[in-house]
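Chains C and A supply the protein sequences, listed in that same order. In terms of this note's numbering, the first sequence opens at residue 5 and continues consecutively. In terms of this note's numbering, the second sequence opens at residue 5 and continues consecutively. The structure under discussion appears below in the form of structure tokens.
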Amino acid sequence: MISSSVEYQKKELPVKIKTIGLMLLLAGLVIVILGYLVNPDRAAYNNIIALAFLISIAVGSLFFTAIEFLAGAVWSTPFRRISEFLSSLVWVIPVLFIPLLININSVFHWTHPLPSEKSLIDKAPYLNVNFFVIRVLAFWLIWIIFYFFLSKNSRKQDFTKDQFLTRKNIKLSAVFMPFFAITISFTAIDWLMSTEPHWFSTIFGVYYFSGTVLTALSAVTIFVITLNTNEYLVKGISNDSYYSLGALLFAFTNFWAYIAFSQFLLIWYANLPEETFWFLARWEGNWKIFSIGLIVIHFLVPYIGLLTQPSKMNPKRLVVMAGWILFAHYYDLFWLVMPNFFKDGIPLNWIEFGFPIFISGLVILVFYYQSKKNNLVAIGDPKLKRGLDFRL
Amino acid sequence: MDRNKFLYGLTGIFDSPDEITHAADEAVKEGFTKFDVNTPYPLHGMNKAMNLPPSKLGYVALIFGLSGTLGALLSLWWVSAVDYPIIVGGKPFFSFPAYIPVMFEVTVLSASIATVLAMLFFFFKLPNNSHPLNSTVYMKKVSADKYGIVIPANDPKFEETTVRIFLEKVHAKEITSQFWDEEEIYHKHKIFEPKFITFLIVAALITSATTYFSLNKLMFMVPFNWMMEQSKQNPQQLSKVFADGFGMRNPVDGTIARGFLPYEFKNRPELAGEKLVNPIPISKESLHLGQTKYDIYCIPCHGFNGDGNSRLRGQFPSPPSLHSEKNRTWTDGRIFAVITDGQNVMPSYSTQLNNDERWAVINYIRVLQRALNAKETDLK
Numbered sequence: 005m006i007s008s009s010v011e012y013q014k015k016e017l018p019v020k021i022k023t024i025g026l027m028l029l030l031a032g033l034v035i036v037i038l039g040y041l042v043n044p045d046r047a048a049y050n051n052i053i054a055l056a057f058l059i060s061i062a063v064g065s066l067f068f069t070a071i072e073f074l075a076g077a078v079w080s081t082p083f084r085r086i087s088e089f090l091s092s093l094v095w096v097i098p099v100l101f102i103p104l105l106i107n108i109n110s111v112f113h114w115t116h117p118l119p120s121e122k123s124l125i126d127k128a129p130y131l132n133v134n135f136f137v138i139r140v141l142a143f144w145l146i147w148i149i150f151y152f153f154l155s156k157n158s159r160k161q162d163f164t165k166d167q168f169l170t171r172k173n174i175k176l177s178a179v180f181m182p183f184f185a186i187t188i189s190f191t192a193i194d195w196l197m198s199t200e201p202h203w204f205s206t207i208f209g210v211y212y213f214s215g216t217v218l219t220a221l222s223a224v225t226i227f228v229i230t231l232n233t234n235e236y237l238v239k240g241i242s243n244d245s246y247y248s249l250g251a252l253l254f255a256f257t258n259f260w261a262y263i264a265f266s267q268f269l270l271i272w273y274a275n276l277p278e279e280t281f282w283f284l285a286r287w288e289g290n291w292k293i294f295s296i297g298l299i300v301i302h303f304l305v306p307y308i309g310l311l312t313q314p315s316k317m318n319p320k321r322l323v324v325m326a327g328w329i330l331f332a333h334y335y336d337l338f339w340l341v342m343p344n345f346f347k348d349g350i351p352l353n354w355i356e357f358g359f360p361i362f363i364s365g366l367v368i369l370v371f372y373y374q375s376k377k378n379n380l381v382a383i384g385d386p387k388l389k390r391g392l393d394f395r396l
Numbered sequence: 005m006d007r008n009k010f011l012y013g014l015t016g017i018f019d020s021p022d023e024i025t026h027a028a029d030e031a032v033k034e035g036f037t038k039f040d041v042n043t044p045y046p047l048h049g050m051n052k053a054m055n056l057p058p059s060k061l062g063y064v065a066l067i068f069g070l071s072g073t074l075g076a077l078l079s080l081w082w083v084s085a086v087d088y089p090i091i092v093g094g095k096p097f098f099s100f101p102a103y104i105p106v107m108f109e110v111t112v113l114s115a116s117i118a119t120v121l122a123m124l125f126f127f128f129k130l131p132n133n134s135h136p137l138n139s140t141v142y143m144k145k146v147s148a149d150k151y152g153i154v155i156p157a158n159d160p161k162f163e164e165t166t167v168r169i170f171l172e173k174v175h176a177k178e179i180t181s182q183f184w185d186e187e188e189i190y191h192k193h194k195i196f197e198p199k200f201i202t203f204l205i206v207a208a209l210i211t212s213a214t215t216y217f218s219l220n221k222l223m224f225m226v227p228f229n230w231m232m233e234q235s236k237q238n239p240q241q242l243s244k245v246f247a248d249g250f251g252m253r254n255p256v257d258g259t260i261a262r263g264f265l266p267y268e269f270k271n272r273p274e275l276a277g278e279k280l281v282n283p284i285p286i287s288k289e290s291l292h293l294g295q296t297k298y299d300i301y302c303i304p305c306h307g308f309n310g311d312g313n314s315r316l317r318g319q320f321p322s323p324p325s326l327h328s329e330k331n332r333t334w335t336d337g338r339i340f341a342v343i344t345d346g347q348n349v350m351p352s353y354s355t356q357l358n359n360d361e362r363w364a365v366i367n368y369i370r371v372l373q374r375a376l377n378a379k380e381t382d383l384k
């Protein structure tokens, strides 16, 4: 058997990780609850950003897992479990969307359009509370179902070493792809674009998708490199695999810039008032600096940082860039949501820091429990040996 | 003559990629610096095994890419903001977002073309027709299914016997000495050889003559750029059809354009007053139109009520009130003549108001006059 030649000794993550995760989670939770008590609206707006960010990591990782099966990729097989663990975050997504659904009337303007807002009344067949809740729950259910079966097959393979399970997952991934495309686009429209219900952009789903994949890749990169340098994974993962991660990060950085610019260029060129106001709102007050910062933070820095081949192979540089991209995506989501509620810019507030801390705690904790329950490497996967032999 | 003087190098052949990678590794350890490896396809990991420095090709792409970006930006700026500024879509002359796609395309184009050309002609030094390994058995084999290593004689560590021992040590097969072709070394082909020059001239003559005769004498094809020369009359061109030579013709005498009525009373307002009759009956629509047009064109001088109390009062000679006895007794045709031709300071409004609109304005003026001089019956 091919996989028998791979040596893997399971090593438990130190309990310190759990403590750190738990402390971050609790600290974040305290700030979030305080935020909800002091300024419920602002806390809810941050909640939207945090939800979109969590979906990015969870569903993006699920996409990354599925695309590995679908493309028959071998280079990422030795650390596919990491993205599986991260996609198990789909279970905790309700933690962030339930408070918003409870507060839906104070968060979303479209729940109560004024009689004069004809465009909102025309959009009511889509943008109404009942259908919205149905969509949110249905999408969540779709993610859960696909995550459940994909990871179940994968974990079962650790013991049975049954190659047929890989086949099953390939089929499952193929079915997942159209569902992923639809759910992620409509998630972007529902949670992010509808914060400014008058505005519309047909490319918005793709825009959020590009950020989603970037974020998931960054999270996977950070975990893979940290775990591998501390020898929690199998021996033999080389810099060539790191290079592939770096190349994907670089490619999706460019993809994001391409999509973001496409969205901007068409609206700028056509110059229609019903579209341009959204960008004009991001050019008022200190939002202007914030918008220029988006180009620098989300495009220029990762682009230059990951341009050369050695930089994609250097583990330290990759971890730094991946962390930077996580920050950039949060910044991007902030830029998408906040100007819709605060014209002319806002000063940063302590409420903003609650959710990122909460989410990092959540991710670490979920990852810790997943790694405790399961192997960190898909040892039964028939592609594992080839994945370890992968060279550029 | 010493044969070794013309030795190019020693070649060895291997059966598998692993063996050749190992051999390259060993060659590096042995201290050879100029050896090369020939494989039927690119081998992953060979760069590392041969201890090659990172390729410099990336810098070519970077430099040419950036100059493409900059060149595109400069040319766009020069064309659309300096040399021939035209307003497009209400955007500023220098509108950077519109340049980005062009800059991106030019960057990709110049970087890729420069990379390919630099790779072929600078790094690979193609074409190289007189390479000593050309058309050797060795080259045929490594182009098909074998993997070969060549250690050239100009390597500082080269010594035929030690190299042969080294190649045997790494289990190379068919260790062969490769020699320069003596003819290649001694015979220098000169570009200005009379034979060659004659050949070039003859070839050029034959090609151009054949092209000329086949395209112009044997078959006639209208070139595409002759589309601009069509058999039609262009403006300002001499006409061969009409005797007077004019391409543009006048319409037949007495022709009236659609929707156009000739005005026969120019500078004869009294006659207009007698002859012209208001064709527009008073109706809600006509009064509404009249009010709209009056409020646009007439109020600056005559005021909202027609009494001359307007915002231009005092800056120009004030127009007489429209409520005077004279104006009230004037026929509609007489007022029409004033609007059409103008009077005193008032210019002609024939370009602003068409015939029907002028009549509608007159109807509205009648309403204003009636409002100030209402009759008893109006109150009922």
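The beta-carbon is built from N, C-alpha and C at its ideal position, and this holds for glycine as well.
Problem - Nearest to C:Leu380 (by Cα), restricted to the options C:Val238, C:Leu176, C:Lys389 - result: Numbered from its first residue, the first sequence carries residue 380 of chain C at position 376. For the set C:Val238, C:Leu176, C:Lys389, the Cα lying nearest the Cα of C:Leu380 is the one of C:Val238.
Exercise for the section: Return the Cβ separation of A:Asp336 and A:Ile366 in integer angstroms, given the expectation that the two are a contact with Cβ distance under 8 Å. Expected result: What you label residue 336 of chain A is simply residue 332 of the second sequence in a count that begins at 1. What you label residue 366 of chain A is simply residue 362 of the second sequence in a count that begins at 1. Correct: roughly 5 Å between the Cβ atoms.
Exercise for the section: Identify the continuous beta strand (DSSP E) that holds A:Lys60 and give its terminal residues. Expected result: The residue labelled residue 60 of chain A in the question sits at position 56 within the second sequence. A:Lys60: not part of any beta strand (DSSP E); DSSP gives it neither H nor E.
Practice task
Pull up the distance between the alpha-carbon of A:Glu182 and that of A:Pro160, whole angstroms please.
Solution key: As a working mapping, residue 182 of chain A is identified with position 178 in the second sequence. As a working mapping, residue 160 of chain A is identified with position 156 in the second sequence. According to the sequence as given, residue 182 of chain A is Gln; it is not Glu. Their Cα atoms are separated by approximately 17 Å.
Exercise for the section: May I ask you to report which of helix, strand or coil DSSP gives A:Met350? Expected result: Locating residue 350 of chain A in the second sequence gives position 346, where the first residue counts as 1. If DSSP states are grouped into helix, strand and coil, A:Met350 belongs with the strands.
Exercise for the section: Using a Cβ cut-off of 7 Å, pull out every chain A residue sitting near C:Phe265, in sequence order please. Expected result: Residue mapping note: residue 265 of chain C aligns to position 261 of the first sequence, counting from 1. Ordered by position in chain A, the residues that pass the 7 Å Cβ test against C:Phe265 are Ile104.
Handout entry: C:Ser189 versus A:Ser354: straight-line alpha-carbon distance, rounded
Key = The residue labelled residue 189 of chain C in the question sits at position 185 within the first sequence. The residue labelled residue 354 of chain A in the question sits at position 350 within the second sequence. Taking the straight line from one Cα to the other gives about 59 Å.
Handout entry: Boundaries of the alpha helix (DSSP H) in which C:Ile86 is found, first to last residue
Key = Taking the first sequence and counting its residues from 1, the one referred to as residue 86 of chain C is at position 82. Run containing C:Ile86: 84-91, per the alpha helix (DSSP H) assignment.
Practice task
Taking only beta-carbon positions, decide if C:Leu392 is within less than 7 Å of chain A.
Solution key: Stepping through the first sequence from its first residue, residue 392 of chain C is reached at position 388. Cβ-Cβ to chain A under 7 Å: no for C:Leu392.
Problem - Where C:Trp282 falls, given that 16 or more other Cβ within 10 Å makes a residue buried - result: What you label residue 282 of chain C is simply residue 278 of the first sequence in a count that begins at 1. By the 10 Å Cβ count, C:Trp282 comes out buried.
Practice task
Report the residue from C:Tyr262, C:Phe163, C:Gly240, C:Lys175 whose alpha carbon sits nearest the alpha carbon of C:Tyr212.
Solution key: Mapped onto the first sequence, residue 212 of chain C falls at position 208. Comparing Cα positions, the closest option is C:Tyr262.
Handout entry: Selected residue, minimal CA-CA separation from A:Ser287, among A:Ala364, A:Lys194, A:Leu74, A:Leu326
Key = Within the second sequence, residue 287 of chain A is the residue found at index 283, counting from 1. Taking each of A:Ala364, A:Lys194, A:Leu74, A:Leu326 in turn and checking the Cα distance to A:Ser287, the smallest one comes out for A:Ala364.
Exercise for the section: Please report the Cβ distance between C:Val217 and C:Ile86, rounded to the nearest whole angstrom; I am assuming they are in contact, meaning their Cβ atoms lie under 8 Å. Expected result: The residue given as residue 217 of chain C occupies position 213 in the first sequence. The residue given as residue 86 of chain C occupies position 82 in the first sequence. Not a contact, Cβ separation roughly 15 Å.
Exercise for the section: With 7 Å as the threshold, decide whether the Cβ of C:Leu270 is near any Cβ in chain A. Expected result: In the first sequence, residue 270 of chain C corresponds to position 266, counting from 1. Output row for C:Leu270: interface = no.
Exercise for the section: Select from the stretch 44-60 of chain A all residues with a C-beta closer than 8 Å to any C-beta belonging to chain B, and list them in chain order. Expected result: Here the protein chains are C and A, and chain B is not one of them.
Practice task
Could you tell me whether the Cβ of A:Pro101 comes closer than 7 Å to any Cβ of chain C?
Solution key: Taking the first residue of the second sequence as 1, we reach residue 101 of chain A at position 97. So yes, A:Pro101 belongs to the interface.
Handout entry: A:Asn8, DSSP secondary structure in three states
Key = Here residue 8 of chain A is taken as the residue at index 4 of the second sequence, counted from 1. Note on A:Asn8: pLDDT 46, under 50, position unreliable in the model; no value is reported.
Handout entry: Where C:Ile350 sits in the DSSP three-state scheme
Key = Within the first sequence, residue 350 of chain C is the residue found at index 346, counting from 1. If DSSP states are grouped into helix, strand and coil, C:Ile350 belongs with coil.
Exercise for the section: Look up A:Leu14 in the DSSP assignment and give the residues it is bridged to. Expected result: As a working mapping, residue 14 of chain A is identified with position 10 in the second sequence. A:Ile155, A:Ser181.
Practice task
Report the residue from A:Thr180, A:Thr111, A:Leu66 whose alpha carbon sits nearest the alpha carbon of A:Leu11.
Solution key: Taking the first residue of the second sequence as position 1, residue 11 of chain A is located at position 7. Comparing Cα-Cα distances from A:Leu11 to each of A:Thr180, A:Thr111, A:Leu66, the minimum goes to A:Thr180.
Practice task
Can you give me the Cβ contacts of A:Val32 inside the same chain, cut-off strictly under 8 Å, excluding the 5 residues immediately before and after it?
Solution key: The residue you call residue 32 of chain A lines up with position 28 of the second sequence. Contacts found: Ala53, Met54, Asn55.
Handout entry: Sequence-distant residues of its chain with Cβ nearer than 7 Å to C:Ser214 (five each side left out)
Key = Counting from 1 along the first sequence, the entry for residue 214 of chain C is found at position 210. Excluding sequence neighbours, C:Ser214 sits near Phe256, Phe259, Trp260, Ile263.
Handout entry: Selected residue, minimal CA-CA separation from C:Glu278, among C:Lys387, C:Lys165, C:Pro201
Key = For this step, residue 278 of chain C is matched to residue 274 along the first sequence. Nearest C-alpha to C:Glu278: C:Pro201.
Handout entry: Residue closest to A:Val371, alpha-carbon to alpha-carbon, out of A:Pro351, A:Tyr298, A:Phe320, A:His48
Key = Translated into positions along the second sequence, residue 371 of chain A becomes position 367. Nearest of A:Pro351, A:Tyr298, A:Phe320, A:His48 to A:Val371, Cα basis: A:Tyr298.
Problem - CB of C:Gly4 within 7 Å of CB of C:Gly32, strictly - result: No statement about residue 4 of chain C is possible, as the shown extent of chain C runs from 5 to 396 and does not include it.
Handout entry: A:Pro101 beta carbon less than 7 Å from that of C:Trp272
Key = On the first sequence, position 268 is the one that residue 272 of chain C refers to. On the second sequence, position 97 is the one that residue 101 of chain A refers to. Going by C-beta atoms, C:Trp272 is nearer than 7 Å to A:Pro101.
Practice task
Flag this pair as yes or no: are the beta carbons of C:Ile52 and C:Trp195 separated by less than 7 Å?
Solution key: Your numbering for residue 52 of chain C matches position 48 in the first sequence. Your numbering for residue 195 of chain C matches position 191 in the first sequence. In this structure, C:Trp195 lies closer than 7 Å to C:Ile52 by Cβ.
Practice task
State yes or no: is the C-beta of A:Gly312 within less than 7 Å of the C-beta of A:Ser328?
Solution key: Taking the first residue of the second sequence as 1, we reach residue 312 of chain A at position 308. Taking the first residue of the second sequence as 1, we reach residue 328 of chain A at position 324. No, Cβ-Cβ distance for A:Gly312 and A:Ser328 is not below 7 Å.
Practice task
Just the C-alpha distance for A:Gly75 and A:Val92, rounded to the nearest angstrom, thanks.
Solution key: Along the second sequence, read from residue 1 onward, the residue named residue 75 of chain A stands at position 71. Along the second sequence, read from residue 1 onward, the residue named residue 92 of chain A stands at position 88. Their backbone Cα atoms lie some 22 Å apart in a straight line.
Problem - Chain-ordered residues of the stretch 68-97 of chain A with a beta carbon less than 9 Å from chain C - result: Gly93, Gly94, Lys95
Exercise for the section: Closer than 8 Å by beta-carbon distance: list the chain A residues that pair up with C:Leu304, in chain order. Expected result: Taking the first sequence and counting its residues from 1, the one referred to as residue 304 of chain C is at position 300. Here the premise fails: no neighbours, minimum Cβ distance about 14 Å.
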